[in-house]
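To start, the structure under review is shown below, and the notes come after it.
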Amino acid sequence: MRVIFNEELKQVADDLDRMAQNVRKAIKGAGEALLNQDVEAAQTVIDGDIEIDALESSVIDQCVKLLAKQNPVATDLRVVVSTMRLASTFERMGDLARHVAEAARRTYPAAAIPESAQPVFAEMIDFLDNTADQLVAMLFDRDAKTAEAIILADDKLDNLHHQTFELALSDDITRQQTVDIVLLGRFLERLGDHAVSAARRVVYIVSGFDPTKEPTRDEGTDID
Numbered sequence: 001m002r003v004i005f006n007e008e009l010k011q012v013a014d015d016l017d018r019m020a021q022n023v024r025k026a027i028k029g030a031g032e033a034l035l036n037q038d039v040e041a042a043q044t045v046i047d048g049d050i051e052i053d054a055l056e057s058s059v060i061d062q063c064v065k066l067l068a069k070q071n072p073v074a075t076d077l078r079v080v081v082s083t084m085r086l087a088s089t090f091e092r093m094g095d096l097a098r099h100v101a102e103a104a105r106r107t108y109p110a111a112a113i114p115e116s117a118q119p120v121f122a123e124m125i126d127f128l129d130n131t132a133d134q135l136v137a138m139l140f141d142r143d144a145k146t147a148e149a150i151i152l153a154d155d156k157l158d159n160l161h162h163q164t165f166e167l168a169l170s171d172d173i174t175r176q177q178t179v180d181i182v183l184l185g186r187f188l189e190r191l192g193d194h195a196v197s198a199a200r201r202v203v204y205i206v207s208g209f210d211p212t213k214e215p216t217r218d219e220g221t222d223i224d
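Here's what the structure looks like:
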């Protein structure tokens, strides 16, 4: 029975790794679409979200079956339950990347954000590109050190997000641009928050506790 459990758990882990890789592609594609008015990249992200959703359903279904059939305890239970939470977190990240891509597609061939906002958004996207790479590596290796680095780095993205509020108050942009700056800044900031949530889950899987001793940032919010 233990051999069967380990084989089934590996299949779940492989699907979760695929989710992380797909989310990384979505984040990078959404950034490319937003900064470079790349409508093909935007459409690829939008179309690819279907696979992320399907993988989430598969991971959760497999985890439910493991709980029902194998009745795991202790560390195994922690891994299975945390895997379900990670799948939901990655699905939300895919949705957020899709929202960014949809905004880029809607305004094409014009940019979704004004030229004055490009530098700040470019920094936010560069930060998230690096975070996405870290997420994939962290998950594959179950690397708590990389997870902790993701958690600690999030303040930089929060600071950049605060700068978008100042940009939205500018007098030389349209109302629609103001709305887009606020929403897109929020979507990117939430991507960072979900990355932190995923990192905390990995730390929990590895060690059994959250070093930050704080609730996850995606709890109690209503935007993905």
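Okay, so the sequence shown: first residue is 1 according to the UniProt record's numbering, each after it adds one.
Yeah, the Cβ is synthetic: ideal placement off N, Cα and C, and Gly gets one too.
These numbers were taken from a predicted model, which means no experiment stands behind them.
Q | Beta-carbon separation (whole angstroms), residue 37 vs residue 111, contact threshold 8 Å | A | What you label residue 37 is simply residue 37 of the sequence shown in a count that begins at 1. What you label residue 111 is simply residue 111 of the sequence shown in a count that begins at 1. The pair is a contact, with the Cβ atoms about 6 Å apart (cut-off 8 Å).
Q.
Pop quiz: residue 195 and residue 125 are said to be a contact at Cβ under 8 Å. What is the actual Cβ separation, rounded to whole angstroms?
A. Position 195 of the sequence shown, counting from 1, holds the residue named residue 195. Position 125 of the sequence shown, counting from 1, holds the residue named residue 125. 13 Å between Cβ atoms; not a contact.
Q | Beta carbon of residue 16 nearer than 7 Å to that of residue 83 | A | Translated into positions along the sequence shown, residue 16 becomes position 16. Translated into positions along the sequence shown, residue 83 becomes position 83. Against a cut-off of 7 Å, the Cβ pair of residue 83 and residue 16 comes out as a contact.
Q.
For residue 177 and residue 114, I'd like the C-alpha separation in whole angstroms.
A. Taking the sequence shown and counting its residues from 1, one reaches residue 177 at position 177. Taking the sequence shown and counting its residues from 1, one reaches residue 114 at position 114. Straight-line Cα distance between these residues: approximately 7 Å.
(Q) If you measure between the beta carbons of residue 85 and residue 200, is that distance less than 7 Å? (A) Sequence index remark: in the sequence shown, residue 85 carries index 85 (1-based). Sequence index remark: in the sequence shown, residue 200 carries index 200 (1-based). No, these two residues do not count as a Cβ contact at 7 Å.
Q | Contiguous beta strand (DSSP E) assignments of at least 3 residues, all confined to the segment 105-136 | A | none
(Q) Give me, in chain order, the residues of the same chain whose beta-carbon lies closer than 8 Å to that of residue 108; leave out the 5 immediate sequence neighbours on both sides. (A) Here the question's residue 108 lines up with position 108 in the sequence shown. These residues qualify, in order along the chain: 37, 39 and 42.
Q: Quick one: grab the DSSP three-state call for residue 44.
A: Counted from its first residue, the sequence shown places residue 44 at position 44. Three-state DSSP puts residue 44 in a helix.
(Q) Taking the beta carbon of residue 73 as the centre, do at least 16 other beta carbons fall within 10 Å, making it buried, or is it exposed? (A) Position 73 of the sequence shown, counted from the start, is the residue given in the question as residue 73. Answer is exposed; the Cβ neighbour count stays below 16.
Q | Range of the contiguous alpha helix (DSSP H) that encloses residue 29 | A | For the purposes of this step, residue 29 is identified with residue 29 of the sequence shown, where counting begins at 1. Unbroken alpha helix (DSSP H) run through residue 29: 2-36.
Q: Using a Cβ-Cβ cut-off of 7 Å, state whether residue 208 counts as contacting chain D.
A: As a matter of chain content, chain D is missing from the structure shown, which is built from one protein chain.
Q. Is the beta carbon of residue 52 sitting closer than 7 Å to the one on residue 22?
A. For the purposes of this step, residue 52 is taken as the residue at position 52 of the sequence shown. For the purposes of this step, residue 22 is taken as the residue at position 22 of the sequence shown. For residue 52 and residue 22, yes; Cβs fall inside 7 Å.
Q) CA-CA distance, residue 71 and residue 91? A) Here residue 71 is taken as the residue at index 71 of the sequence shown, counted from 1. Here residue 91 is taken as the residue at index 91 of the sequence shown, counted from 1. When rounded, the distance between both Cα atoms is 26 Å.
Q: Tell me whether residue 146 is buried or exposed, calling it buried when 16 or more other Cβ atoms sit within 10 Å of its Cβ.
A: Walking along the sequence shown from the start, residue 146 turns up at place 146. Buried, by the Cβ-count rule.
Q | Distance, residue 4 Cα to residue 183 Cα | A | By 1-based counting over the sequence shown, the position of residue 183 is 183. By 1-based counting over the sequence shown, the position of residue 4 is 4. The alpha-carbon atoms of residue 183 and residue 4 are separated by roughly 46 Å.
Q.
What does the Cβ neighbour count give for residue 64, buried or exposed, with the cut at 16 atoms within 10 Å?
A. Here residue 64 corresponds to residue number 64 of the sequence shown, with the count starting at 1. So residue 64 ends up on the exposed side.
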